[in-house]
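See below for the structure under consideration.
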Amino acid sequence: MHIPDSMLQGSVCPATATVSAIGIAAAAYYGMNGEKPSASRFAAITALIFAGQMMNFSIMNGTSGHLLGGVLAASLLGTPFGVLSVAMVVVIQSLVFSDGGVTVLGANLLNMAIIGAGLGGMLRSTLAARWQSPRGEILATAVAAWASVVLASFTVSVELAIDGQIVFSSVVAAMVATHALIGIGEAIITVAACLFVHSTGTVKIQRGHVVVPFTAATVIALLLSPFASGFPDGLEWVAEKYQFLHESAPAFVGPLPDYSVSFIGNEMLSTGLSGMIGVIISFAAAWALHRFISLFVAQQQIA
Numbered sequence: 003m004h005i006p007d008s009m010l011q012g013s014v015c016p017a018t019a020t021v022s023a024i025g026i027a028a029a030a031y032y033g034m035n036g037e038k039p040s041a042s043r044f045a046a047i048t049a050l051i052f053a054g055q056m057m058n059f060s061i062m063n064g065t066s067g068h069l070l071g072g073v074l075a076a077s078l079l080g081t082p083f084g085v086l087s088v089a090m091v092v093v094i095q096s097l098v099f100s101d102g103g104v105t106v107l108g109a110n111l112l113n114m115a116i117i118g119a120g121l122g123g124m125l126r127s128t129l130a131a132r133w134q135s136p137r138g139e140i141l142a143t144a145v146a147a148w149a150s151v152v153l154a155s156f157t158v159s160v161e162l163a164i165d166g167q168i169v170f171s172s173v174v175a176a177m178v179a180t181h182a183l184i185g186i187g188e189a190i191i192t193v194a195a196c197l198f199v200h201s202t203g204t205v206k207i208q209r210g211h212v213v214v215p216f217t218a219a220t221v222i223a224l225l226l227s228p229f230a231s232g233f234p235d236g237l238e239w240v241a242e243k244y245q246f247l248h249e250s251a252p253a254f255v256g257p258l259p260d261y262s263v264s265f266i267g268n269e270m271l272s273t274g275l276s277g278m279i280g281v282i283i284s285f286a287a288a289w290a291l292h293r294f295i296s297l298f299v300a301q302q303q304i305a
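To convert, take the position in the sequence shown, counting from 1, and add 2; that gives my numbering.
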C-alpha cells in the first residue's frame, strides 16, 4: 500500500503530511508520558515489522498483499510506540529503498502508521476490554488487524479522489474489496506473530522479548524475502486496472532502490542482503529514537 510519487501530486500531499506530523507528535507525547517498552524491545519489533512488510503473499487474480503491521506493533509495544514503530519503517522504506515516494510520505504515514497502528491499536484495545478473555483478546487482535487494512485502503481511495486521480465511487469498491482479502492475511499473520512472540518471551526469559523478534526479522529478511510473491500489491493492481498508475522517475532515489544491492548479480542474494540491511537500519534507528525520547523525558523530570 505504498503510494509512489507519481500517484499523488496535489494539495493532498501537504495536507496528509500535516495530519501525519500531528499524529506522530501525539504518539510521541503519549509514549513519553505512558508505559514504555525497552529500547531493545522497541528496536526488535520495528525490525520485525520492516521484515514482515517485505513478504508479499498472493491472494487472487494475480494480486498480492503484504503485512501492514500496525496492529501487530500496537499489540506488542502499545499503541503510541506502535505508531512510532510503523512510522519509522515507512520513512526508512522511502528514504533508503524508494518504496513509497518522498513527496507522498505524509500520505503513506497517515495510511499505515496513524490509521494502521493508531486507529487499529485503539480499536484492538477497545474490543479487548469488551471481550475480556484470552480468546476475546485474540479475536480483538484479528478484527482490528483486518479493519486496519480496510480503513487504510478506504483512506487511500479518498486521497486519490481528492487529488483528482479517479472518481471516488469508481475506486473505493475495488480498493476495499481487494484489501478486505489482504486483511484476512493480515489478521492471521498478526495473531500468529503475537502468540509466537508472547509465548517465547516470557517473564522468566526476558531476553526472549528482544532475541525472538529480532531473530525472526533476520530469518524473514535474509532467507524468506527472496521468495515473496512478485505479483503487484493491492494498490498497484487497482491502479493498473483503472489506469491511474503513471510510471515516472521518483523525486528521490534511495541508495538501495527496489530492495536490491547493485553490485550483486544474483537477484535472490541481493534481495536477502538488502532486507538484512533494512533490518539493521530499522533496529538502530528505532533504538536511537527510543534513547532520545528517554533522555528527553529524563531531562524534563530533572527540570
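C-beta atoms are modelled at their ideal positions from N, C-alpha and C, and glycine is treated no differently.
Residues bridged to residue i [DSSP beta-bridge criterion]
i     : result
Ser66 : Ser60, Asp235
Below-9 Å beta-carbon distance, residue i vs any chain D residue
i     : result
Asn58 : The structure shown contains no chain D; it holds only a single protein chain.
Residue i versus residue j: straight-line alpha-carbon distance, rounded
i      : j      : result
Ala17  : Ala29  : 19 Å
Met56  : Ala230 : 7 Å
Ser87  : Val281 : 13 Å
Ala131 : Gly138 : 9 Å
Asn58  : Ser284 : 19 Å
Gly36  : Thr81  : 10 Å
Ser96  : Cys15  : 15 Å
Ala300 : Met124 : 27 Å
Ile295 : Trp289 : 10 Å
Gln167 : Met9   : 8 Å
Ser60  : Gly67  : 6 Å
Leu271 : Phe216 : 20 Å
Val173 : Val212 : 41 Å
Ser171 : Ile164 : 12 Å
Leu162 : His181 : 16 Å
Lys243 : Val145 : 28 Å
Ala179 : Leu297 : 45 Å
Gly256 : Asp101 : 9 Å
Thr128 : Ala89  : 22 Å
Asp7   : Ser135 : 44 Å
Ile5   : Phe265 : 27 Å
Beta-carbon proximity list for residue i, same chain, < 6 Å, skipping 5 on both sides
i      : result
Leu74  : Thr192, Ala195
His292 : Ala41, Phe44
Pro234 : none
Leu247 : Ala241
Ala147 : Val73, Glu188, Ala189, Thr192
His200 : none
Gly64  : Phe233
Gln303 : none
Residues near residue i in its chain [Cβ-Cβ closer than 7 Å; skip 5 each side]
i      : result
Thr143 : Val73, Ser77, Arg126, Thr192, Val193, Cys196
Ser262 : Ser272, Thr273, Ser276
Leu69  : Gly54, Gln55, Met57, Glu188, Ile191
Own chain residues within Cβ distance below 8 Å of residue i, not counting five before or after
i      : result
Gly274 : Ala223, Leu224, Leu225, Ser227, Pro228
Met177 : Ser155, Phe156, Val158, Ser159, Gly236, Leu237, Val240
Ile117 : Gly72, Ser150, Leu153, Ala154, Thr157
Ile94  : Phe52, Gly280, Ile283, Ser284, Ala287
Report yes or no: do the segment 100 to 107 and the segment 143 to 158 share at least 3 C-beta pairs separated by less than 8 Å?
-> no
Counting only runs of 4+ residues fully inside the segment 108 to 170, write out the alpha helix (DSSP H) ranges in chain order.
-> 122 to 132, 136 to 164
Counting only runs that start and end within the segment 8 to 43, where is the alpha helix (DSSP H) found for 4 or more residues in a row?
-> 14 to 34
Counting pairs of beta carbons, one from the segment 112 to 127 and one from the segment 8 to 26, are three or more of them closer than 8 Å?
-> yes
Taking contact to mean at least 3 C-beta pairs separated by less than 8 Å, is the segment 214 to 228 in contact with the segment 42 to 55?
-> yes
Minimum length 4: unbroken alpha helix (DSSP H) runs contained in the segment 239 to 295 | none
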